[in-house]
Amino acid sequence: MNAGNRQPLRMLVTGGGTGGHTYPALTTVATVREQAAAHGHDLDVLWVGTASGLEARVAAENGIPFRAIKTGKLRRSPNPRELLANLADMFRIPVGILQAFGIAARYRPDVVLSTGGYVCVPLGLASRLLRRPLVMHEQITALGLANRILARFATRIALTHPSSIEHLPAPARERAAVTGNPVRPHLLRGNAPSGRWHFGFSPEVPLVYVTGGAQGSRQINTLVEGILPVLLERAQVLHQCGPGWIDQLTRTAEGLPEHLRERYRPVPYVGEELADVLAAADVVVSRSGAGAVAELTAVGKPSVLVPLVPSAGDEQRQNARYLAESGAARALLENGPEPEHLLAELDVLLGDPRLCADMSKAAKSLGRVDAAGALAGMVLEEAGVFGFR
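Spelled out as structure tokens, the structure:
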């Protein structure tokens with residue numbers, strides 16, 4: 022395919038289940054579209070995932086055609102209940118593979134992009150059978166099970182961390198390159214005054230943004246709830262707590278001393294205003310998944326990280342330790358931290374603006390704001406858009 026051919030470039034995207042797999046795919050689709058247009062190509066995209074996964078909602082919200090397939094998840098250390106789920110999934114997997122093959126055979130993509138999650142395996146296998154180029158992206162340091170399977174025949178492998186190369190099968194390492202983890206571009210263009218105005222916060226008092234992901238985190242919510250009266254004496258708190266916690270934390274807010282109530286805003290979800298919120302926040306309290314770490318380092322935001330333990334391969338604790346050792350974050354690395362541990366870390370940051378400035382600089386030095394462009398370039402090269410750089 023040459024640069025003058027106006028026939029649309031056809032890209033099949035697969036991956037999802039969580040935001041960590043879904044949002045890098047979404048960001049890469051947008052970047053591929055921009056770069057393809059610059060090289061004289063339109064882009065036709067089809068996203069394949071599970072009907073119940075986050076990817077279905079995100080694709081619909083962004084006007085991307087979507088096809089659902091059945092698939093299953095292999096639980097490697099199942100309890101009796103999960104053993105039954107494994108048995109049920111064993112019957113779904115071959116159905117999903119057949120569905121994936123049928124979709125890919127009819128769509129005939131120029132390139133397949135996989136961003137992880139167990140849903141990507143059937144489409145990866147289909148791309149192999151149909152001899153379509155497969156670009157696989159891994160967000161975490163140690164490869165997930167699905168990507169360990171796909172790495173054996175992916176034509177190109179995009180990694181977030183240089184240390185991930187040693188986790189690849191030896192024959193696959195020459196096909197790998199470090200691109201970083203794509204971050205939604207609008208997050209880099211936040212407006213701090215708009216973020217504070219949107220939630221009614223004063224510009225005179227430090228702002229702490231607390232997030233446990235789209236569904237919230239029981240652990241983080243409980244830690245923050247336990248220190249609110251003390252913390253609010255010196256800071257304002259925007260608390261993205263998840264829809265399942267909003268009623269309880271709204272009642273908690275109503276029970277605060279009157280002079281502190283206006284300093285606390287629990288919300289179920291932060292949407293398009295996230296860029297402004299990140300710009301406005303002086304400190305962020307967050308999990309340390311791959312997506313959260315990519316965003317915090319891209320915008321250079323001081324943070325206190327509360328890793329999910331256990332996570333796959335203890336990945337979140339590894340991420341948190343890496344940022345803490347780099348001077349880019351504080352971290353609660355021990356199992357079962359208490360509220361006073363979080364308060365102590367926040368006290369250090371809120372009381373030392375110079376430390377926050379140094380931490381911001383260190384975080385930015387770890388960020389890869391060019392990750393989406395690098396991954397998009399890899400996709401376009403595999404699709405046959407020659408001369409792309």
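FYI, the numbering for the sequence shown is 22 to 410, going by the working numbering. Glycine included, C-beta positions come from ideal geometry on N, C-alpha and C. The structure presented is a predicted model; accordingly, all values stated were derived computationally and were not measured.
query, result
"Environment of Trp266 [buried if 16+ CB atoms lie within 10 Å]", "buried"
"Rounded separation between Lys382 and Gly292 - CA only", "26 angstroms"
"Segment limits, beta strand (DSSP E) that includes Arg129", "Run containing Arg129: none; DSSP gives neither H nor E here."
"Neighbourhood of Pro86 by C-beta, 8 angstroms cutoff - its chain only, sequence neighbours within 5 removed", "Val66, Leu67, Trp68 and Ala80"
"Distance, Leu259 Cα to Gln120 Cα", "44 angstroms"
"Rounded separation between Pro287 and Arg196 - CA only", "46 angstroms"
"Stretch pair the stretch 168-176 + the stretch 276-285: three plus CB contacts closer than 8 angstroms", "no"
"Nearest candidate by alpha-carbon position, reference Tyr139, set Ala397, Arg308, Gly117 and Val314", "Gly117"
"Spatial neighbours of His362 in its chain, beta-carbon cut-off 7 angstroms, leaving aside the 5 residues before and after", "Leu353"
"Cβ neighbours of Leu244 in the same chain (closer than 6 angstroms, five flanking residues each side left out)", "Pro360 and Leu363"
"Short Cβ contact (8 angstroms threshold) for Pro224 with Leu371", "no"
"Contacting residues, own chain, Cβ-Cβ under 7 angstroms from Ser184 (five flanking each side not counted)", "Thr162"
"Nearest neighbour of Asn212, chosen from Ala302, Ala179 and Val325 [CA to CA]", "Ala302"
"Cβ-based neighbour list, His182, same chain, cut-off 6 angstroms, excluding 5 preceding and 5 following", "Thr162"
"Residue span of the beta strand (DSSP E) that contains Leu64, given as start and end", "Leu64 to Gly70"
"From Arg127, Arg173 and Ala349, residue whose alpha carbon lies closest to that of Leu376", "Ala349"
"Residue closest to Val132, alpha-carbon to alpha-carbon, out of Ala89, Val231 and Leu30", "Leu30"
"Outcome for Glu336 when other beta-carbon atoms lying within 10 angstroms are tallied against a minimum of 16", "buried"
"Selection from Val305, Ala191 and Pro278 that minimises the alpha carbon distance to Ile241", "Val305"
"Nearest neighbour of Ala274, chosen from Glu294, Gly263, Pro264 and Leu253 [CA to CA]", "Leu253"
"Where Ala352 falls: helix, strand or coil (DSSP)", "strand"
"Close-in-space but distant-in-sequence residues of the same chain around Ser347 (CB under 7 angstroms, 5 per side omitted)", "Ala383 and Leu387"
"Pair within 8 angstroms by beta-carbon distance, His188 and Pro45", "no"
"Nonlocal neighbours in the same chain, by C-beta distance under 8 angstroms from Arg194, ignoring five residues either side", "Ile186"
"Gly310 vs Gly70 beta-carbon contact at 8 angstroms", "no"
"Secondary structure of Glu159, DSSP reduced to three states", "strand"
"Burial state of Asn356, where buried means 16 or more other Cβ atoms lie within 10 Å", "exposed"
"Inter-residue Cα distance where the pair is Gly74 and Gly38", "5 angstroms"
"Unbroken stretches of the beta strand (DSSP E), 3 residues or longer, contained in the stretch 318-396", "324-326"
"Buried or exposed (CB count within 10 angstroms, at least 16 for buried), Leu401", "buried"
"For Tyr230, the first and last residue of its enclosing beta strand (DSSP E)", "Leu228 to Thr232"
"Same chain only: Cβ atoms within 7 angstroms of Ala395, ignoring 5 sequence neighbours per side", "Thr200 and Gly201"
"Ranges of the alpha helix (DSSP H) found wholly within the stretch 221-304, counting only runs of at least 4", "239-252, 267-275, 279-282 and 295-301"
"Own chain residues within Cβ distance below 8 angstroms of Gly221, not counting five before or after", "Glu283 and Arg286"
"Collapsed DSSP secondary structure at Phe122 in the structure displayed", "helix"
"Nearest to Gly237 (by Cα), restricted to the options Thr176, Ala397, Arg129 and Ser307", "Ser307"
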